[in-house]
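In the working numbering, the protein residues as written are 643 to 991.
Right, dumping it as structure tokens:
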């Protein structure tokens with residue numbers, strides 16, 4: 643069983659090496675072209691070697707099966723590899739706990755004490771049990787998943803004898819062929835890949851035939867495969883990562899040309915322009931609330947009450963400021979005294 647797992651792992655590594663080889667020669671080709679060396683003639687030799695041909699065929703086979711998958715197939719394959727990862731984790735820890743804890747349990751059963759147990763030896767044997775348990779649990783989960791997809795053995799027999807299928811393949815057959823091709827090795831990587839391509843199909847691995855043709859022609863390869871990207875999950879880079887809740891999308895502001903064309907096609911009388919001009923301008927927070935179907939400050943009754951209270955208080959303050967102090971006799975006499983002093987009539991003769 644371990645030999646079968648190693649065989650599957652070697653096959654997957656061989657397929658990945660083909661993609662890595664196709665993209666790792668970019669720097670060499672650019673430096674050779676700058677120095678005036680014929681890149682095509684110089685790099686023809688590795689393409690004709692047996693190991694490269696086998697890896698190239700594996701990459702082409704993977705690309706053909708990957709292109710036939712739809713979004714549902716990718717999600718199901720991702721779930722299958724996620725369950726495979728969990729089975730490998732629990733199987734590995736179960737094997738470690740069994741081998742590491744058995745001597746302690748046996749010694750305690752015999753002597754009612756755990757003294758005398760060689761902990762370093764048990765730890766090393768426990769690590770070996772972890773690897774073996776991980777392999778066994780992963781292989782069993784992988785085979786059970788294949789049996790669920792092909793309970794009658796129809797897909798297995800068709801692939802074994804090379805029967806060509808004239809009609810379209812079902813979703814279960816496409817999933818079976820992809821799982822059969824990849825095997826149980828590198829389950830976390832494949833679970834991440836198929837879920838990422840389920841959410842964004844543009845992150846699929848490129849066509850190896852086209853990339854090989856570009857290499858033979860001496861063209862520089864700008865892109866990189868998914869497995870060699872710096873941020874394959876798109877957590878902090880990439881223009882097409884998922885929109886976060888409450889944050890407006892960048893670059894989605896309609897251009898004036900597109901707006902004018904849309905108005906000309908659907909609104910020949912300019913009614914839309916009148917409606918848009920009559921609408922009040924929204925603030926940044928109001929636009930965010932509107933995108934998330936939340937009441938804006940203009941439509942919210944709470945904000946309306948607060949605005950009404952503020953306006954009422956302002957009007958009341960203006961009312962008090964406009965009211966004049968009622969004049970009495972002393973104020974009138976004081977004003978007359980100031981007026982006579984200004985005219986000089988208060989001089990004593």
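Don't be surprised by glycine CBs; every beta carbon is placed ideally from N, CA and C. Small disclaimer: the values here were computed from a predicted structure and weren't measured.
| Query | Result |
| --- | --- |
| Check whether the segment 762 to 779 and the segment 727 to 743 touch, using three or more Cβ-Cβ pairs below 8 Å as the test. | yes |
| For residue 829, which residues in the same chain have their Cβ closer than 6 Å to its Cβ, ignoring the five residues on either side in sequence? | 723, 726, 727 |
| For residue 980, which three-state DSSP category applies? | helix |
| Excluding sequence positions up to five away, which residues of its chain have a Cβ less than 7 Å from the Cβ of residue 851? | 702 |
| In chain order, what residues of the same chain lie with their CB nearer than 8 Å to the CB of residue 767, ignoring the 5 residues before and after it? | 741, 742 |
| Would you mind sorting residue 816 into buried or exposed? The rule is 16 or more other CB atoms within 10 Å of its CB. | buried |
| Return helix, strand or coil for residue 752, following the three-state DSSP convention. | helix |
| Suppose you measure from the CA of residue 775 to the CA of residue 936; what does that come to, to the nearest Å? | 52 Å |
| Would residue 729 and residue 779 qualify as a contact pair, given that the criterion is a beta-carbon distance under 8 Å? | yes |
| Quick one: what's got a C-beta closer than 7 Å to residue 979's C-beta in the same chain, skipping five residues either side? | none |
| Would you mind working out which of 854, 860, 818 sits nearest residue 788, comparing C-alpha positions? | 818 |
| Please report the Cβ distance between residue 744 and residue 836, rounded to the nearest whole angstrom; I am assuming they are in contact, meaning their Cβ atoms lie under 8 Å. | About 38 Å; that fails the 8 Å criterion. |
| Return the CA-CA distance between residue 895 and residue 846, expressed in angstroms with no decimal places. | Any answer about residue 895 is weak, because its pLDDT of 45 lies below 50 and its placement is not dependable; what the coordinates show is given next. So the two alpha carbons sit approximately 28 Å from each other. |
| Please look up how many angstroms separate the CB atoms of residue 763 and residue 756, rounded, as I've assumed it's under 8 Å. | The pair is not a contact, with the Cβ atoms about 14 Å apart (cut-off 8 Å). |
| Report the rounded CA-to-CA distance for residue 692 versus residue 739, giving the unit in angstroms. | 44 Å |
| Where are the alpha helix (DSSP H) runs, 4 residues long or more, that stay fully inside the segment 769 to 840, in chain order? | 796 to 803, 813 to 824 |
| In chain order, what residues of the same chain have a beta carbon less than 8 Å from the beta carbon of residue 814, not counting five sequence neighbours either side? | 791, 792, 797 |
| Using 8 Å as the threshold, is the C-beta distance between residue 826 and residue 784 below it? | yes |
| In this structure, does DSSP put residue 696 in helix, strand or coil? | helix |
| Once DSSP output is grouped into helix, strand and coil, what is the label at residue 925? | coil |
| At which residues does the alpha helix (DSSP H) containing residue 848 begin and terminate? | Per DSSP, residue 848 belongs to no alpha helix (DSSP H) and is neither H nor E. |
| Under the three-state reduction of DSSP, which class applies to residue 759: helix, strand or coil? | coil |
| Just confirm the distance between the C-beta atoms of residue 823 and residue 704, as a whole number of angstroms; I'd bet it's less than 8 Å. | 6 Å |
| Going by DSSP in three states, residue 691 sits in which element: helix, strand or coil? | coil |
| Could you compute how far the alpha carbon of residue 971 sits from the alpha carbon of residue 981? | 15 Å |
| Kindly indicate which three-state DSSP category residue 683 falls into: helix, strand or coil? | The predicted position of residue 683 is uncertain, since its pLDDT is 47 and thus under 50; a value taken from the coordinates is nonetheless stated next. Note: residue 683 maps to helix in three-state DSSP. |
| Leaving out five residues on either side along the sequence, give the residues of the same chain with a beta carbon under 7 Å from the beta carbon of residue 715. | 813, 816, 817 |
| On the criterion of 16 or more Cβ atoms from any shown chain inside 10 Å, does residue 908 qualify as buried, or is it exposed? | Note that residue 908 has pLDDT 48, beneath the 50 cutoff, so the model's placement of it is unreliable and no number is given. |
| Determine whether the beta carbon atoms of residue 711 and residue 820 lie at a separation below 8 Å. | yes |
| Thinking C-beta only, is residue 840 closer than 8 Å to residue 709? | no |
| Whole angstroms are fine: how far does the CA of residue 690 sit from the CA of residue 856? | 16 Å |
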